[in-house]
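To keep things clear, I will list the structure first and then write my remarks on it.
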Amino acid sequence: MSVLWSDKPFLKKTVVKFVCTFIVATILLTFIFVYFPLLIPLWLAFSFIFFIFYYFNKRAFTYFITDKSIRIEKSWIFGNYVREITFDQIRDVHVMQGILARFFNCGSLVFITSTGLEVGYVGGGAAAGRGVIIGGGGVSPTVVKGRGNMFWDIPEPGKAREILMGKLAEWREVFQQQKIATSVEKMAERTTIPSPQQPVTETIADKLEKLKRLLDTGAITKEEYEKAKKKLLE
Numbered sequence: 038m039s040v041l042w043s044d045k046p047f048l049k050k051t052v053v054k055f056v057c058t059f060i061v062a063t064i065l066l067t068f069i070f071v072y073f074p075l076l077i078p079l080w081l082a083f084s085f086i087f088f089i090f091y092y093f094n095k096r097a098f099t100y101f102i103t104d105k106s107i108r109i110e111k112s113w114i115f116g117n118y119v120r121e122i123t124f125d126q127i128r129d130v131h132v133m134q135g136i137l138a139r140f141f142n143c144g145s146l147v148f149i150t151s152t153g154l155e156v157g158y159v160g161g162g163a164a165a166g167r168g169v170i171i172g173g174g175g176v177s178p179t180v181v182k183g184r185g186n187m188f189w190d191i192p193e194p195g196k197a198r199e200i201l202m203g204k205l206a207e208w209r210e211v212f213q214q215q216k217i218a219t220s221v222e223k224m225a226e227r228t229t230i231p232s233p234q235q236p237v238t239e240t241i242a243d244k245l246e247k248l249k250r251l252l253d254t255g256a257i258t259k260e261e262y263e264k265a266k267k268k269l270l271e
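Under this note's numbering, the first residue of the sequence shown carries the number 38, and numbering increases by one thereafter.
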């Protein structure tokens, strides 16, 4: 398994975001500090501890794109975490950026997998949930971000997505070819191994008819049908 891309979260944006948030929050709390000045050191201590925890929590992540999967690793003082999502599980890839992220050219890659747990629903009378609708009213799907299904604030997310989508296209093409080859091989085995009680001779027309039945039942796609048909005729 070869690594095509690897990186960590872009922490400069994290620092700038914290400083801006701290300044705004301090201004909003000024009138409380006027009447309760003893709260100032508590506020400063809380802000410092929160920033240290948040910074090193984010810094602990490392992300990989390989030739077969994407991998999320986290290693820090509180423990380790590893998740690997193979290409056959990935259904879609979203790039998500806010204003500050666009300014620093960073953002998150969010993966939608075959489990569907990364999709929630929001709307009138409904609660957001992972793959579950609760309540009534009109709802619409939305992407649910989680540390286990995204590359968090990586530099140049568009470039990482381009690498991943290119590799996904290659993998799916190879997978389709293997699927067609397996179907043709099974058909050939049924043709070349006749029953002792009743010898069977299968013509090209019979094979094409079986392929057509597989297409009609949805067992293979139109593209797979055309490739297998071409292979038989050759």
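Note that the Cβ used here is the ideal one computed from N, Cα and C, for glycine as well.
Count the other CB atoms within 10 Å of the CB of residue i; is the residue buried (16 or more) or exposed (fewer)?
i	result
residue 82	exposed
residue 244	buried
residue 149	buried
residue 78	exposed
residue 190	buried
residue 197	buried
residue 75	exposed
residue 201	buried
residue 173	Interpretation of residue 173 is limited by its pLDDT of 48, a score under 50 that renders its predicted location unreliable; the figure taken from the coordinates is listed afterwards. Flag for residue 173 reads exposed.
According to DSSP, is residue i part of a helix, a strand, or is it coil?
i	result
residue 275	Missing from the structure shown is residue 275; the chain here goes from 38 to 271 and no further.
residue 173	Per-residue confidence for residue 173 stands at a pLDDT of 48, beneath the threshold of 50, marking its modelled position as unreliable; the derived number appears in the next sentence. Residue state, collapsed to three classes: coil.
residue 235	Here the model assigns residue 235 a pLDDT of 49, short of 50, so the residue's position is not dependable, and the following value carries that caveat. Residue state, collapsed to three classes: coil.
residue 184	coil
residue 165	Residue placement at residue 165 cannot be trusted, given a pLDDT of 46 that sits under 50; what the coordinates show is reported in the next sentence. Coil.
residue 152	coil
Let's see if you can read the secondary structure: which residues bound the alpha helix (DSSP H) around residue i?
i	result
residue 58	48-65
residue 257	Element bounds for residue 257: n/a, residue is neither H nor E.
residue 141	Where residue 141 is concerned, there is no enclosing alpha helix (DSSP H), given that its DSSP letter is neither H nor E.
residue 248	241-253
Ends of the beta strand (DSSP E) at residue i?
i	result
residue 192	187-192
residue 41	40-44
Can you name the residues that DSSP bridges to residue i?
i	result
residue 98	111
residue 122	107
residue 202	Answer is none; residue 202 lacks a bridge partner.
For a cutoff of 9 Å on Cβ pairs, would you count residue i as touching chain C?
i	result
residue 245	Among the protein chains of the structure shown there is no chain C, as only one such chain exists.
At what residue ranges does the stretch 63-90 contain a whole run of the alpha helix (DSSP H), taking only runs of 4 or more?
-> 67-72
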